[in-house]
Ligand code: GLY
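Residue numbers (the numbering used here): 6 to 456.
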């Protein structure tokens, strides 16, 4: 690990010539100070420090690392057991020097940083640096230069990162199989979620984001688990593991609660799968990710025309954003230390220099708009959703009255939401699906659900 960390720091030093200070962040109290939400160290800190420390900072300059962390308080052993000393941690991460947090203020001259998520640490950053540290969007100066430098390193993954990303992917695959197997005996969404997260926790990992396990897949970030499972329902599960050093996976599968898709569910499932497969077949270095998104949109539009739900030429329908009535989000995002990797920096990672978000409904949620490069890990996650807020909007109905066959659409009422999502590594020759061990063909999914 030390060699990789050293290489990452050296590479940063080759891009910027000013010091960098990265804070790990603090845990936030739920009520009294010692009862905290689980701590998740800041990802930029993790990238260069390698271990999830709390209330620590690192200063990087010319490839050298200074660690700032306090030794555990004498009373800590009573509640937390013996924890490593500053010197032990410094040795573990290959620090050149180790100091207390109180000393950090003496080393901040001309230092750049990126903002940490928790408010207490962000306030500390702002106070110690004595200047604004803009959350989400470093606008200018050395913080912006640092953000761009970090993005240039983290956009593609080194061998050590890929070892962790494969671990996260494999555990997530097992979790999804457990969820499918648990469905026939489950009464509530919550039971399926529990079966999936048990696999992840059993590997001493956490979830990389709040799991979505729902029969209401049309609510894109549905974080409730109280619905009962009915035989005609589709269950959409978007669940991914995070390794102990913070690397993420992100998988979605949609399966029939009964173990058998209805014919209408199967028709739509196969359209989403066709879009998924077409996108993955086309992933290669140099390909524009926005074109992959448009390929998904066109494949979905074609399928819906074939089913008689949309009327017109698929390419024309996509130009008019008709696909977005049913596929309103982007085809995916970067994946790494975060599930939407580096989105804490706004669109600096997702959008190539000089590009910005489109205002078009069918493109505005596209999170990644860059040419692909070998070593990038992206998700491919087409979907079909019947979102009442979109489809029942009188303006939408009016605008698209001759392009959507609303009576035909009504025959697909048992399809509320379908998404199929895999994690795809761009390779020199094309791509490798890290989550390929989890079947996505409709019949194979039915077999895994059993019943
Ligand atoms: N899988 C969760 C998300 O992409 O937001």
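Ideal placement from N, C-alpha and C gives every residue a C-beta, glycine not left out.
{"Item": "CB of residue 447 within 8 angstroms of CB of residue 271, strictly", "Value": "yes"}
{"Item": "Assumed close pair residue 211, residue 205 - CB separation to whole angstroms, cut-off 8 angstroms", "Value": "7 angstroms"}
{"Item": "Residues near residue 248 by beta carbon distance below 7 angstroms, same chain, minus five either side", "Value": "169, 172, 173, 210"}
{"Item": "8 angstroms Cβ cutoff met for residue 260 and residue 188", "Value": "yes"}
{"Item": "The beta strand (DSSP E) enclosing residue 261, as first and last residue numbers", "Value": "256-261"}
{"Item": "Distance CB(residue 464)-CB(residue 414) smaller than 8 angstroms", "Value": "Outside the displayed range of the chain (6 to 456) lies residue 464, so it cannot be described from this structure."}
{"Item": "Contact test: residue 349 Cβ vs the ligand GTP heavy atom, cutoff 7 angstroms", "Value": "This structure lacks the ligand GTP; the ligands present are the ligand GLY."}
{"Item": "Three-way DSSP call (helix, strand, coil) for residue 171 in this model", "Value": "helix"}
{"Item": "Rounded separation between residue 176 and residue 452 - CA only", "Value": "20 angstroms"}
{"Item": "Alpha-carbon to alpha-carbon, residue 442 and residue 128", "Value": "44 angstroms"}
{"Item": "Element boundaries [beta strand (DSSP E), containing residue 71]", "Value": "69-73"}
{"Item": "heavy atom of the ligand GLY below 7 angstroms from residue 255 C-beta", "Value": "yes"}
{"Item": "C-beta contact flag for residue 181 and residue 244 at 8 angstroms", "Value": "yes"}
{"Item": "The beta strand (DSSP E) enclosing residue 437, as first and last residue numbers", "Value": "436-438"}
{"Item": "At least 3 beta-carbon pairs within less than 8 angstroms: the segment 61-72 vs the segment 17-28", "Value": "yes"}
{"Item": "Supposed contact pair residue 46 and residue 57 - C-beta distance, whole angstroms, cut 8 angstroms", "Value": "4 angstroms"}
{"Item": "Cβ distance (whole Å) where residue 223 is taken to contact residue 421 below 8 angstroms", "Value": "4 angstroms"}
{"Item": "Heavy atom of the ligand GLY within 7 angstroms of residue 338 beta-carbon", "Value": "yes"}
{"Item": "Between the CA atoms of residue 114 and residue 183 - distance to the nearest angstrom", "Value": "52 angstroms"}
{"Item": "DSSP-derived helix/strand/coil call for residue 265", "Value": "coil"}
{"Item": "Bridge partners - residue 66, DSSP secondary structure assignment", "Value": "69"}
{"Item": "Where residue 14 sits in the DSSP three-state scheme", "Value": "helix"}
{"Item": "Exposure label - residue 132; buried when at least 16 CB within 10 Å", "Value": "exposed"}
{"Item": "Inter-residue spacing [alpha-carbon to alpha-carbon] between residue 268 and residue 352", "Value": "40 angstroms"}
{"Item": "Alpha helix (DSSP H) segments (min. 4 residues) lying fully within the segment 344-402", "Value": "393-396"}
{"Item": "Near the ligand GLY: residue 243 beta-carbon under 7 angstroms from a heavy atom", "Value": "yes"}
{"Item": "Whole-angstrom distance between residue 337 and residue 229, CA atom to CA atom", "Value": "23 angstroms"}
{"Item": "For residue 25: DSSP bridge partner residues", "Value": "65, 117"}
{"Item": "Contact test: residue 344 Cβ vs the ligand GLY heavy atom, cutoff 7 angstroms", "Value": "yes"}
{"Item": "Bridge-paired residues (DSSP) for residue 243", "Value": "217, 257"}
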